[in-house]
Amino acid sequence: MAPASQAEKQAEKLEYIWIGLIIVMLTSFLAILGYAAIAKGFTTPEDVVTCDVRKLDEQITPGIREVAPGVYEVNITARMWAFIPNEIVLENPQKVIFRITSADVQHGFEIVGTNVNVMVFPGYIAEVTWYPPEDMEGEYLILCNEYCGLGHQDMYGKLVIVRG
Ligand code: CUA
311 MAPASQAEKQ
321 AEKLEYIWIG
331 LIIVMLTSFL
341 AILGYAAIAK
351 GFTTPEDVVT
361 CDVRKLDEQI
371 TPGIREVAPG
381 VYEVNITARM
391 WAFIPNEIVL
401 ENPQKVIFRI
411 TSADVQHGFE
421 IVGTNVNVMV
431 FPGYIAEVTW
441 YPPEDMEGEY
451 LILCNEYCGL
461 GHQDMYGKLV
471 IVRG
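Right, dumping it as C-alpha cells:
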C-alpha cells in the first residue's frame with residue numbers, strides 16, 4: 311500500500327470532524343428531548359377517547375346539537391366515502407366541538423380555509439374545539455384528506471355558517 315497522500319490525510323481529518331459533529335448533534339437532540347419529557351413533563355396527549363367500532367351506534371350519534379347559545383356539539387361518523395352528516399349548518403356559531411370517528415378505515419377531516427384538520431381513526435373519537443372567526447360566513451368545503459380507498463376523491467361535505 312502506498313503511503314497516504316497529503317490530500318487523503320486531510321480528507322480523513324474532515325471525516326472525523328463530521329463524525330464528531332454528528333455525535334454532538336445527536337447527543338444534544340436527545341438531551342433536549344429527555345429534558346422536555348422528564349424535567350418539563352411534555353408528553354403526547356393522553357386524554358385519548360376510544361370507542362368500539364362494532365357498537366358505534368351506541369357511542370356516537372351523528373348530528374348537530376346546540377348545547378348553549380352559539381355553542382354547538384357536532385358528532386360525525388366518517389365512512390367510505392362520506393361524512394355523516396354530510397352537511398353541517400350552524401347559526402351564529404361561537405364555539406364548535408367536533409367529535410369525529412370512523413366506521414371503517416382511516417380518514418381525514420379538514421374544513422378548507424380553517425385550522426380544523428384532523429386524522430380520523432376507527433376506534434378513536436377525535437375531539438376538536440373550534441372558535442370560528444366572527445366574520446366567517448357562507449359555505450365551506452369539508453374534505454377527507456387521507457387516502458381511504460377507491461372513492462376517496464368523492465368524500466367531501468359542506469359546512470354552512472349562517473350569520474344574522
Ligand atoms: Cu375518507 Cu379519503
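Using the numbering used here, read the sequence shown as starting at 311 and increasing by one per residue.
Ideal Cβ positions, reconstructed from N, Cα and C, are used throughout, including at glycine.
Residue 352 (DSSP reduced to helix, strand or coil):
Position 42 of the sequence shown, counting from 1, holds the residue named residue 352. Under the three-state reduction of DSSP, residue 352 is assigned to coil, being neither helix nor strand.
I'd like to check one pair, residue 430 with residue 417: are the Cβ atoms closer than 8 Å?
Stepping through the sequence shown from its first residue, residue 417 is reached at position 107. Stepping through the sequence shown from its first residue, residue 430 is reached at position 120. Closer than 8 Å, so yes.
If you run the structure through DSSP and keep just helix, strand and coil, what is residue 419?
Stepping through the sequence shown from its first residue, residue 419 is reached at position 109. Three-state result, residue 419: strand.
Is any heavy atom of the ligand CUA found at a distance shorter than 7 Å from the C-beta of residue 465?
Working through the sequence shown from its first residue, we reach residue 465 at position 155. Result yes, Cβ under 7 Å from the ligand CUA.
Tell me which residue opens and which closes the beta strand (DSSP E) that residue 398 is part of.
Within the sequence shown, numbered from 1, the residue matching residue 398 stands at position 88. Residue range 397-401 is occupied by the beta strand (DSSP E) that includes residue 398.
Is it true that the segment 384-392 meets the segment 358-365, where meeting means three or more beta-carbon pairs spaced less than 8 Å apart?
These segments do not touch.
Rounded separation between residue 381 and residue 443 - CA only:
Counting from one through the sequence shown, the residue named residue 381 turns up at place 71. Counting from one through the sequence shown, the residue named residue 443 turns up at place 133. Going by the C-alpha atoms only, they are around 14 Å apart.
Alpha-carbon spacing of residue 327 relative to residue 345, whole angstroms:
Here the question's residue 327 lines up with position 17 in the sequence shown. Here the question's residue 345 lines up with position 35 in the sequence shown. Each residue's alpha carbon lies about 27 Å from the other.
In the DSSP assignment, the beta strand (DSSP E) including residue 434 goes from what residue to what residue?
On the sequence shown, position 124 is the one that residue 434 refers to. Residue 434: member of the beta strand (DSSP E) spanning 434-440, first to last residue.
With a cut-off of 8 Å, do at least 3 Cβ pairs link the segment 393-404 to the segment 335-351?
Because the criterion of three Cβ pairs below 8 Å is not met, the segment 393-404 and the segment 335-351 do not touch.
Would the beta-carbon of residue 468 fall within 8 Å of that of residue 449?
Taking the first residue of the sequence shown as position 1, residue 468 is located at position 158. Taking the first residue of the sequence shown as position 1, residue 449 is located at position 139. It is a contact, given that the beta carbons lie within the stated cut-off.
With distances taken from CA atoms, which of 452, 458 and 473 is nearest residue 466?
Position 156 of the sequence shown, counting from 1, holds the residue named residue 466. Out of 452, 458 and 473, 452 has the C-alpha closest to the C-alpha of residue 466.
Please report the residue range of the alpha helix (DSSP H) in which residue 330 lies.
The residue labelled residue 330 in the question sits at position 20 within the sequence shown. According to the DSSP assignment, residue 330 belongs to the alpha helix (DSSP H) that extends over 316-344.
Cβ neighbours of residue 454 in the same chain (closer than 6 Å, five flanking residues each side left out)
In the sequence shown, residue 454 corresponds to position 144, counting from 1. The beta carbon of residue 454 lies closer than 6 Å to those of 417, 418 and 465 in the same chain, with the five residues before and after it left out.
Between residue 371 and the rest of its own chain, which residues show a CB-CB distance below 8 Å, the 5 nearest in sequence each way excluded?
The sequence position of residue 371 within the sequence shown is 61, counting from 1. Correct list, in chain order: 385.
Count the other CB atoms, across all protein chains shown, that sit within 10 Å of the CB of residue 421; report buried if there are 16 or more and exposed otherwise.
Locating residue 421 in the sequence shown gives position 111, where the first residue counts as 1. Classification for residue 421: buried.
So which of 404, 409, 459 and 365 has the shortest CA-CA distance to residue 394?
If you number the sequence shown from 1, residue 394 lands on position 84. Measuring from the Cα of residue 394, the nearest candidate turns out to be 409.
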